[in-house]
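First comes the structure, then the notes that go with it.
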Amino acid sequence: MGQLVLERLTKRFSDIPAVLDLWLEIEAGEILSLLGPSGCGKSTTLQMIAGVLRPDTGAVQLDGAMLNDVPPEKRDIALVLQRGLLFPHLTVGENVAFGLKMRGVNRADRDAQANAMLRQVQLAGFGDRKPSELSGGQAQRVAVARSLVIQPKLLLLDEPLSALDANLREEMQDLILHLQAQTGVTMMVVTHDQAEAVVMSDRIALMFDGQLRQVATPEHLYRYPCDEATARFMGGVNFFPGHAQGHRWTLATGETLMSDVAQNGAVQVTIRPEQMRVLDHPTAGVNTFAAKVMSQRFTGTQRRLTLSLHSELVLQAWVNPTQEWAIAQDVYVQLPPDALWCFPSDSNPAADLSLSIT
Amino acid sequence: MPRNALILLIILVLFLPFLPLLVWSVAQGWFFPQLIPQQWTLEHWQQLLSASSRIGEGVMQSLAIALTTTVLSLLVGIPAGRAMGLMEFPGKPVLKLFLLTPIIVSPLATLMGIQFVLIRLGLSGTLLGVVLVHLMPTIPYMTLVLASVFANFDVGYEIQARSLGASPIKVFSQVTLPLIAPGVAVGALFAFLISWNEFLLTFFVGGGSVFTLPMILFTLLQGGNNGLIAAVAITSIVPGLIFLFVASKALQNEAALGGLGSV
Amino acid sequence: MVQVVQPELRRVRSRIWAEWMERSRPYLLLLPALSIIGVLFGGGLLLALFQSLGFFTLLGPGELSLEAYRAAYSNSEFWTSLLQSFYIAIVATALSTVLSVGLAMLLRSANRWATLACQITLPIPHLVGIAGILMLLAPSGLIARVFLALGWIQTDQDFPLLVNDGASIGLLIHFLWKEIPFITLILLAVLRGLNPAYEQQARALGASPWQCFWNVTLPLLKPGILSASLIVFGFIFSSFEVPFLLGAIQSRTLPVYVYRAFTDTDLTRRPEAIALGLTLSAISIAVIAIYLWITANARSQVSGKRNS
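Residue numbers (the working numbering), protein chains in the order written: chain R, 1 to 358; chain F, 1001 to 1263; chain U, 2001 to 2308.
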């Protein structure tokens, strides 16, 4: 239970479209992230699903039932907002039991359910505290508990972790995923943080300027972005114009690359920086080029190298952090055929769009 | 140190007018040029409490009018404050200014204009008529205070409550109202005080038959019974002092009164 | 076909209705307040206008004429009382505004109790203040007694006339006593809402405390100062009981003069009194208009400066 269908959803604010013609289906029990930069319309979409905003056109359906005219409190959709927003005049226990009270559950039952829920978010015994006595992470856990205790068909999370510290964030991600697995609730996470979306979701719906750009699994989105903007949002850094003839791609700077993917015409080639191999000795193999280290930056988990090829092509390669490199050192860089991806370049929209993935 | 001394001096000057009031209220025949009364007495207070002085009746009338005015302006001011504090809509500045005119523009012309209507409706000289005109200053102040209360209120709480299954009425009674309660209390005290202290409106509409404390004080001030004047004056500042202490925290807080700074 | 179209039509209709409700919501919320103020205040003004123009009198329907205004403005007492009102309102507003800025800066870092004590006069009825000031400043008042006891004066005749006096000293003192705490309260609220980083930044850029106050704090306070002094000006200008009891008999303010005309035993003077009252309101409205013009100018000069 909990299949959500958004059909042609459109919302304009004084004639400027915030969400335009959005189609999206979320399967029951699925975790989907609505990902995009701030102002892309993802929060507006969430508010329309929650029933706080009314769409100009289009439909919101949950399990086949049309929700457009259903008030928020009757939608079976629970919401966790960024700031947690625990009611400050109620205790933690009363906060968790709030939805049950609204449903007319008697006091003993709702106390029991609220306490059970608090145990699940590892806050057993916190029921009598005031929200002001909680840390940010604890408050957010209570907010999740408060939304799950009413057993909604759909749980909407609006930037639920963006106010938390980095290490706390991972803990919360695990907890939310764990609770989701236990309850099987359909979950939609709205976020601007691609790393968070990748970790948390079964599928990601990427949104730019009020419109969906690509809906895919995190891995697919990483490896096969539909255009440069998507690739850049997913962390892509290497983009080069070139010309493709089947599996043989020639860059504008002259290098010829072999790719797993076939394409034809003018293209924009992208190479994932973390898939490159950088060696200090010559090696045989396809797509191997001599290069010079221009700069390096240590990030803890990676060493980020800027390499310059003889053709003055500049590449970013993110490699094993333990190996050290010197500036101006001569190296060899290998671009594995499966690390290459391309999209028809904007200047040539007529290029063959039928990409074949092998 | 000179800073604190200056503050102390200012406080002393502000308290100075209360000094003769306090002395007069318990002095007997405090003739010029005596610095300190020769004799002390409670007769002014006894007179104030005696039934024949009608001052007790004045307190009751003042209370009834101020309480009714407060309740009515709350009922009207909460929705108006919400609109002004939380929403953006065409014409907002003009409507805000219109709502505030009664506290800036003299009510004299208005009072003279509606006097014959109130007489014809049988409202002149009645408590209800007085309450009605007291709404003119209390509604603007109430709206102003509540607008800044709402401007500091996070509607996310309401959205959250709706999604948890609360109907709009439940959201208001269980979430919004408890959260804005401190601000509402300040607004209510403000309205009560304005009505309690109001003279001119009562004077025009009361028609000599509604005797609130300010009416009594005004009449007494045209006579010369300083002892009784002082006793009545001290009685009429009691709610104000209560207000100051109860609302002292809120008066420190920009949320409730910052709105007055941006009329 | 009809069965397909019908629900679609209903949906469109309900959407239009919902949109209309959404858009008119603020107006509906404001409706009770606006209608009470509109009917009482606006309606009262309109009725006053009709009466002043002679549309109807207490004795029955009349005819349109400007006679009431002619009579009102031809009386020299109107002009002297108008002047007196302006004098009191301008002097009292200016003095209390300047002193309030000083007091607010003084109290900015003071403790809660000092601040509270400085607001003591705020909730006190004007009539109580009048009583206190009469008993304090009158020739037989407390201060005269102290002066006599100290030997500074010989009789109450030596004490300067400070209440019901021609220069309206008592009147001004009362208004300062009552309005300084009011403006200070508003300014303190604005000061507390200011981001201290602006002033810290100014100091870090080399401004002396005085330069910082003059170039940073005061401009940031300006909107608060303007609106507080507008309220105070409007209040003092239309105040009745204070000048009635503390002012000089020979120099009345406009509201007192209006009241005298209205309660004149000669009922035919009523339209004239109402015309005077409307003039009083018109002046206050003109002051609001000037205020709006000033703030609009200030806003266009520095937009987005206030963040409240």
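All C-beta atoms, glycine included, are put in the ideal place defined by N, C-alpha and C.
By DSSP's criteria, residue i is part of a beta bridge. Which residues make up the other side?
i: T270/R; result: F239/R, W341/R
i: Q211/R; result: F208/R
i: S360/R; result: The displayed coordinates of chain R run from 1 to 358. Any statement about residue 360/R would go beyond what the structure contains.
i: V331/R; result: A291/R
i: L157/R; result: V80/R, V189/R
i: W1196/F; result: Note: W1196/F sits in no beta bridge, so no partner.
i: A1027/F; result: W1040/F
i: M258/R; result: R248/R
i: Q263/R; result: G246/R
Whole angstroms is fine: what's the gap from residue i's alpha carbon to residue j's?
i: F1015/F; j: H2174/U; result: 12 Å
i: V5/R; j: A28/R; result: 10 Å
i: L161/R; j: A317/R; result: 30 Å
i: Q1115/F; j: G2043/U; result: 11 Å
i: L2106/U; j: R1003/F; result: 7 Å
i: L251/R; j: M258/R; result: 11 Å
i: V1131/F; j: L1146/F; result: 21 Å
i: C40/R; j: A18/R; result: 7 Å
i: R2015/U; j: L155/R; result: 26 Å
i: L123/R; j: V142/R; result: 8 Å
i: R83/R; j: K130/R; result: 16 Å
i: S2109/U; j: A2275/U; result: 49 Å
i: L1021/F; j: V1013/F; result: 14 Å
i: F298/R; j: N320/R; result: 10 Å
i: P344/R; j: L168/R; result: 41 Å
i: A2289/U; j: A2068/U; result: 26 Å
i: G2193/U; j: T2217/U; result: 12 Å
i: A1109/F; j: S2168/U; result: 25 Å
i: L1213/F; j: N1225/F; result: 16 Å
Which word fits residue i, buried or exposed, when buried means at least 16 other C-beta atoms lie within 10 angstroms of its C-beta?
i: I2090/U; result: exposed
i: G254/R; result: exposed
i: L1009/F; result: exposed
i: S2251/U; result: buried
i: Q2051/U; result: buried
i: G2234/U; result: buried
i: V1246/F; result: exposed
i: G300/R; result: exposed
i: M1060/F; result: exposed
What are the start and end residues of the beta strand (DSSP E) that includes residue i?
i: S2100/U; result: No beta strand (DSSP E) holds S2100/U; the alpha helix (DSSP H) holding it covers 2076 to 2107.
i: S33/R; result: 31 to 35
i: V1205/F; result: V1205/F -> not in any beta strand (DSSP E); alpha helix (DSSP H) instead, spanning 1200 to 1205.
i: V389/R; result: Residue 389/R is absent from the model: chain R starts at 1 and stops at 358.
i: T10/R; result: 4 to 13
i: I2124/U; result: Here I2124/U belongs to no beta strand (DSSP E), and DSSP marks it neither H nor E.
i: I2180/U; result: That residue, I2180/U, is in no beta strand (DSSP E); its alpha helix (DSSP H) goes 2169 to 2193.
i: V319/R; result: 314 to 319
i: L62/R; result: 57 to 62
i: V278/R; result: 277 to 279
Comparing the CB of residue i with every heavy atom of the ligand HEM, is any distance shorter than 7 Å?
i: L9/R; result: For the structure depicted, the ligand HEM is absent and the ligand set is empty, with no information on it obtainable.
Can you tell me where the alpha helix (DSSP H) holding residue i begins and where it ends?
i: W2113/U; result: 2112 to 2118
i: R1120/F; result: 1108 to 1120
i: D21/R; result: It is not in any alpha helix (DSSP H) - D21/R instead sits in the beta strand (DSSP E) that spans 16 to 26.
i: A2202/U; result: 2196 to 2204
i: V1059/F; result: 1055 to 1086
i: A2144/U; result: 2142 to 2149
i: E171/R; result: 166 to 183
i: K130/R; result: It is not in any alpha helix (DSSP H) - K130/R carries neither H nor E in the DSSP assignment.
Three CB pairs or more closer than 8 Å across the segment 1214 to 1221 of chain F and the segment 2120 to 2140 of chain U: yes
Stretch pair the segment 271 to 281 of chain R + the segment 299 to 317 of chain R: three plus CB contacts closer than 8 Å: yes
The segment 1057 to 1074 of chain F contacting the segment 1191 to 1210 of chain F, beta-carbon criterion three pairs below 8 Å: yes
Validate contact between the segment 49 to 63 of chain R and the segment 227 to 247 of chain R using beta carbons, cut 8 Å, 3 pairs: no
Any 3 or more C-beta pairs closer than 8 Å across the segment 31 to 45 of chain R and the segment 188 to 196 of chain R: yes
Stretch-stretch touch, CB-based, cutoff 8 Å, three pairs: the segment 1106 to 1120 of chain F with the segment 1176 to 1189 of chain F: no
Given 8 Å, three or more beta-carbon pairs between the segment 2143 to 2150 of chain U and the segment 2250 to 2267 of chain U: no
Meets three-Cβ-pair contact criterion under 8 Å: the segment 103 to 115 of chain R and the segment 66 to 86 of chain R: no
Three or more C-beta pairs below 8 Å linking the segment 1040 to 1055 of chain F and the segment 1228 to 1243 of chain F: yes
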